[in-house]
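Input: a single structure, listed below in structure tokens.
Protein chains: 2
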Amino acid sequence: MQSERVASRSADQRDSSRESRNGTPQLDAVSLAIIQQLQEDGRRPYAAIGKAVGLSEAAVRQRVQKLLDQGVMQIVAVTDPLTVGFRRQAMVGIHVEGDVESIADVLTDMSEVEYVVMTAGSFDILAEIVCEDDDHLLDVINKRIRALPGVRSTESFVYMKLKKQTYMWGTR
Amino acid sequence: MQSERVASRSADQRDSSRESRNGTPQLDAVSLAIIQQLQEDGRRPYAAIGKAVGLSEAAVRQRVQKLLDQGVMQIVAVTDPLTVGFRRQAMVGIHVEGDVESIADVLTDMSEVEYVVMTAGSFDILAEIVCEDDDHLLDVINKRIRALPGVRSTESFVYMKLKKQTYMWGTR
DNA sequence: TCTGGGGTTGCGGATTTCGCAGATGTGGCG
DNA sequence: CGCCACATCTGCGAAATCCGCAACCCCAGA
Numbered sequence: 001m002q003s004e005r006v007a008s009r010s011a012d013q014r015d016s017s018r019e020s021r022n023g024t025p026q027l028d029a030v031s032l033a034i035i036q037q038l039q040e041d042g043r044r045p046y047a048a049i050g051k052a053v054g055l056s057e058a059a060v061r062q063r064v065q066k067l068l069d070q071g072v073m074q075i076v077a078v079t080d081p082l083t084v085g086f087r088r089q090a091m092v093g094i095h096v097e098g099d100v101e102s103i104a105d106v107l108t109d110m111s112e113v114e115y116v117v118m119t120a121g122s123f124d125i126l127a128e129i130v131c132e133d134d135d136h137l138l139d140v141i142n143k144r145i146r147a148l149p150g151v152r153s154t155e156s157f158v159y160m161k162l163k164k165q166t167y168m169w170g171t172r
Numbered sequence: 001m002q003s004e005r006v007a008s009r010s011a012d013q014r015d016s017s018r019e020s021r022n023g024t025p026q027l028d029a030v031s032l033a034i035i036q037q038l039q040e041d042g043r044r045p046y047a048a049i050g051k052a053v054g055l056s057e058a059a060v061r062q063r064v065q066k067l068l069d070q071g072v073m074q075i076v077a078v079t080d081p082l083t084v085g086f087r088r089q090a091m092v093g094i095h096v097e098g099d100v101e102s103i104a105d106v107l108t109d110m111s112e113v114e115y116v117v118m119t120a121g122s123f124d125i126l127a128e129i130v131c132e133d134d135d136h137l138l139d140v141i142n143k144r145i146r147a148l149p150g151v152r153s154t155e156s157f158v159y160m161k162l163k164k165q166t167y168m169w170g171t172r
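Here it is as structure tokens:
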């Protein structure tokens with residue numbers, strides 16, 4: 001059993017508490033391996049994960065709990081919104097004048113906004129919106145987003161068909 | 001216990017096997033409620049879910065399994081790729097000439113491509129790319145995507161900061 | 001060398017998962 | 001209307017898993 005260990009646990013491996021400049025904890029190889037296991041199946045038993053990554057069941061459990069508490073990962077059910085009754089989705093590109101981050105914060109607080117990212121492209125912000133129908137979508141884009149002070153202009157990309165949606169980073 | 005039931009199980013509730021035109025199964029209110037529970041916590045015990053939605057533990061288990069098998073939802077760990085060692089992400093807007101769907105299919109098969117959606121905006125396709133560094137990203141965009149026959153032009157939006165990422169549809 | 005703290009391990013006991021057999025209910029058909 | 005076929009739900013043991021806890025290990029600092 002000892003022989004199945006990923007590696008000798010020393011040096012660069014043990015520092016799962018160190019933090020990089022942006023405040024997010026640095027992950028060691030073992031935690032990464034645990035995350036990979038849970039990306040394949042979020043309900044995989046701790047014991048099975050432990051066997052795969054070379055740790056006891058209890059150790060895996062504690063690390064998973066910590067990753068959850070730290071917000072490094074979340075274990076959730078994901079669906080294609082279209083099958084769950086949300087008929088309209090769109091990506092909205094936003095041109096901002098002034099403080100980009102404060103606009104992003106406002107978007108983050110909107111429940112219809114699913115995804116917000118600041119970019120270095122011709123848009124300052126990309127936001128994904130999930131709505132129940134056209135009226136709802138129109139309302140969010142025109143009345144709620146375009147109306148924000150600091151939003152210079154927007155461009156919308158209404159979704160026609162979701163082709164791929166994975167959560168398998170590192171598993172490839 | 002009987003009194004906690006969501007509703008009298010009849011009529012519009014029972015047809016979880018009917019399919020809408022696009023081939024995706026139609027979900028009834030109970031399955032929706034189960035999904036909501038799992039969107040809050042992907043590891044929530046079946047018994048707890050059953051209590052919440054008014055079903056026995058075994059029934060919940062069967063429905064969850066079916067939703068998984070049908071591909072309606074998946075239970076997985078999701079992370080911010082930046083904390084897991086992927087330094088560069090980008091959204092790529094693509095202008096296509098000819099068959100859009102076949103291009104989308106090719107993108108879907110690329111492991112670096114995380115998300116593919118066909119849109120009705122000025123781009124035909126939006127694809128999200130997750131890479132380890134700049135070289136990798138450049139390689140994927142220039143050598144792999146732009147090189148595809150049928151791709152007329154692309155525009156990239158490199159991610160600077162991920163502000164929001166949720167999976168709470170229906171929970172609001 | 002001693003001490004402190006983070007991380008790991010090894011345990012029971014409580015809880016959950018799993019498989020199965022039986023009950024229930026609905027739709028189709030003679 | 002009666003009856004069968006099919007899908008779904010329930011109840012229940014057995015097995016596996018989860019969970020909390022105390023002991024242990026190892027490295028770093030005093």
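In the order they appear, the protein sequences are chains A and B. For the first sequence, the working numbering assigns the number 1 to the initial residue and increments by one for each residue that follows. For the second sequence, the working numbering assigns the number 1 to the initial residue and increments by one for each residue that follows. C-beta atoms are modelled at their ideal positions from N, C-alpha and C, and glycine is treated no differently. None of these values were measured; they are calculated from a predicted model.
Whole angstroms are fine: how far does the CA of residue j sit from the CA of residue i?
{"i": "residue 70/A", "j": "residue 27/A", "result": "11 Å"}
{"i": "residue 115/B", "j": "residue 99/A", "result": "28 Å"}
{"i": "residue 97/B", "j": "residue 53/B", "result": "48 Å"}
{"i": "residue 123/A", "j": "residue 60/B", "result": "44 Å"}
{"i": "residue 87/A", "j": "residue 119/B", "result": "14 Å"}
{"i": "residue 127/B", "j": "residue 135/B", "result": "18 Å"}
{"i": "residue 65/B", "j": "residue 46/B", "result": "11 Å"}
{"i": "residue 106/B", "j": "residue 165/A", "result": "14 Å"}
{"i": "residue 111/B", "j": "residue 80/A", "result": "20 Å"}
{"i": "residue 23/A", "j": "residue 56/B", "result": "Because residue 23/A sits at a pLDDT of 46, beneath the cut-off of 50, its placement in the model cannot be relied upon, and the following sentence gives the value as read from the coordinates. Rounded to the nearest angstrom, the two C-alpha atoms are 43 Å apart."}
{"i": "residue 159/A", "j": "residue 29/A", "result": "37 Å"}
{"i": "residue 113/B", "j": "residue 139/B", "result": "13 Å"}
Closer than 7 Å by C-beta to residue i: which residues in its own chain qualify, once you throw out the five before and the five after it? Chain order, please.
{"i": "residue 63/A", "result": "31 and 34"}
{"i": "residue 146/A", "result": "154"}
{"i": "residue 133/B", "result": "87 and 88"}
{"i": "residue 42/A", "result": "75"}
{"i": "residue 58/B", "result": "none"}
{"i": "residue 121/A", "result": "none"}
Please tell me whether residue i and residue j are closer than 9 Å, where the distance is taken between their beta carbons.
{"i": "residue 141/A", "j": "residue 93/A", "result": "no"}
{"i": "residue 163/A", "j": "residue 108/B", "result": "yes"}
{"i": "residue 103/B", "j": "residue 148/B", "result": "yes"}
{"i": "residue 157/A", "j": "residue 90/A", "result": "yes"}
Can you name the residues of chain B whose CB is closer than 7 Å to the CB of residue i?
{"i": "residue 39/A", "result": "76 and 77"}
{"i": "residue 156/A", "result": "121"}
{"i": "residue 150/A", "result": "Correct list: empty, because the minimum Cβ distance to chain B is about 15 Å."}
Using a Cβ-Cβ cut-off of 8 Å (strictly less than) and excluding sequence neighbours within five positions of residue i, which residues of its own chain qualify?
{"i": "residue 44/A", "result": "37 and 38"}
{"i": "residue 85/B", "result": "132"}
{"i": "residue 150/A", "result": "96, 97, 98, 99, 102 and 103"}
{"i": "residue 161/B", "result": "none"}
{"i": "residue 167/A", "result": "39 and 78"}
Please list, in chain order, the chain A residues whose beta carbon lies closer than 9 Å to that of residue i.
{"i": "residue 113/B", "result": "164 and 166"}
{"i": "residue 104/B", "result": "161, 163 and 164"}
Can you pull the chain A residues whose beta carbon is under 7 Å from the beta carbon of residue i, in chain order?
{"i": "residue 159/B", "result": "117 and 119"}
{"i": "residue 72/B", "result": "79 and 83"}
List the residues of chain B whose Cβ lies closer than 8 Å to the Cβ of residue i, in chain order.
{"i": "residue 43/A", "result": "42, 43 and 75"}
{"i": "residue 126/A", "result": "91 and 157"}
State yes or no: is the C-beta of residue i nearer than 8 Å to some heavy atom of the ligand NAP?
{"i": "residue 80/A", "result": "With respect to small molecules bound, the structure shown includes none, and the ligand NAP cannot be examined in it."}
Would you please state the rounded distance, in angstroms, between the beta carbons of residue i and residue j? I believe it to be under 8 Å.
{"i": "residue 73/A", "j": "residue 130/B", "result": "About 15 Å separates the two Cβ atoms, so there is no contact after all."}
{"i": "residue 152/A", "j": "residue 95/A", "result": "4 Å"}
Within its chain, find whatever has a CB closer than 6 Å to the CB of residue i; leave out the 5 residues flanking it on each side and keep chain order.
{"i": "residue 117/A", "result": "126"}
{"i": "residue 83/B", "result": "none"}
{"i": "residue 67/B", "result": "73"}
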